[in-house]
Structures are given as C-alpha cells and as structure tokens.
Amino acid sequence: MATEQTTKMVTVTEKAAAKIKEFMSEEGEQSQYLRVYVQGGGCSGLSYGMGFEKTAEEDDTVIEESGVKLLVDSYSQDHLNGASVDYIESLMGSGFKINNPNVTKSCSCGHSFSTE
820 MATEQTTKMV TVTEKAAAKI KEFMSEEGEQ SQYLRVYVQG GGCSGLSYGM
870 GFEKTAEEDD TVIEESGVKL LVDSYSQDHL NGASVDYIES LMGSGFKINN
920 PNVTKSCSCG HSFSTE
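So the sequence shown is residues 820 to 935, counted in the working numbering.
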C-alpha cells in the first residue's frame with residue numbers, strides 16, 4: 820500500500836502545479852497523480868521522467884503539494900529527496916524543470932545526471 824508523506828520529499832511550485840492541473844484536465848482518462856521518477860540512462864547515468872497515473876503502486880510515496888498529488892517510487896526517493904518541480908517559460912521554450920540538490924554531476928545537454 821502506498822504511504823502518505825508528511826514532510827516534503829519533493830515540492831512543486833505554484834506555476835508547475837497550475838500547469839500539472841491544466842495538463843491533467845486535458846487528459847481524457849482523469850489521472851489522479853503525477854509520477855516523478857529517476858531511471859538509469861543518459862551519459863551521466865540517471866535521467867528524470869514524469870507521467871500521469873490513475874493509481875498508486877505499493878512502493879510509492881504519495882506527496883500532496885499545491886493541490887497536486889505526486890507519486891515517487893522507492894528507487895527514486897533517495898535521488899529526489901529535497902527536489903523541486905518548476906515550470907519554466909522562456910524564449911528557448913517551455914517545460915518542467917526539476918531542481919535537485921542531490922545532483923553532483925550532469926551532462927552538457929542537461930538531460931542526465933548523477934548523485935552520490
């Protein structure tokens with residue numbers, strides 16, 4: 820059974836929360852959660868992923884932040900502890916950005932990273 824997190828492992832800015840809600844409302848399947856995860860890959864060893872989910876898995880931690888429910892699996896928890904999800908809009912484009920204090924090295928393209 821998924822566990823509820825009282826201290827915030829991952830935070831979400833108000834701007835990111837608004838975009839997440841907007842994207843969720845556009846989903847025809849009425850997703851309940853945004854999964855934020857870390858997976859192996861990229862030139863620095865790890866990369867981020869995000870996706871909508873209808874239900875939580877047994878090893879997930881559920882974090883409610885700014886009116887949005889996030890899922891973080893047990894593998895990703897150590898890598899994401901203290902991270903913040905933001906939504907950036909600039910001349911170069913727009914999208915979600917994860918600010919992670921655990922990153923010790925990232926690749927030049929900025930899509931993969933490593934932690935200690």
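Virtual Cβ for every residue (Gly too), placed ideally from N, Cα, C.
**Message:** Quick test of the definition: if touching needs 3 or more C-beta pairs under 8 Å, does the region 831 to 849 touch the region 894 to 902?
**Reply:** no
**Prompt:** Quick one, are the C-beta atoms of Leu853 and Phe871 less than 8 Å apart?
**Reply:** Your numbering for residue 853 matches position 34 in the sequence shown. Your numbering for residue 871 matches position 52 in the sequence shown. The answer is yes: Cβ separation under 8 Å.
**Asked** Among residues of its own chain, excluding the 5 on either side of Ser895, which ones have a beta-carbon nearer than 6 Å to its beta-carbon?
**Response** Along the sequence shown, one-based indexing puts residue 895 at 76. If we look at Ser895 and ignore the five residues flanking it on each side, its Cβ neighbours are Tyr856 and Val857.
**Residues of its chain near Glu884, where Cβ-Cβ distance is below 8 Å and the 5 sequence neighbours each way are ignored** = Stepping through the sequence shown from its first residue, residue 884 is reached at position 65. Here the set comprises Lys827, Val829, Thr830, Val831 and Ala836.
**Prompt:** Between the Cα of Thr880 and the Cα atoms of Glu908, Glu841, Ser893 and Ile839, which residue gives the shortest distance?
**Reply:** Within the sequence shown, residue 880 is the residue found at index 61, counting from 1. Residue Ser893 is the option with its Cα nearest to Thr880.
**Asked** Is Ala835 helix, strand or coil when you go by DSSP?
**Response** Along the sequence shown, one-based indexing puts residue 835 at 16. Of the three classes helix, strand and coil, the one that applies to Ala835 here is helix, per DSSP.
**Request:** Report buried or exposed for Thr839, applying the criterion of at least 16 other Cβ atoms within 10 angstroms of its Cβ.
**Result:** Your numbering for residue 839 matches position 20 in the sequence shown. Position check: residue 839 holds Ile in this sequence, whereas Thr was assumed. By the neighbour-count rule (16 or more Cβ atoms within 10 Å), Ile839 is buried.
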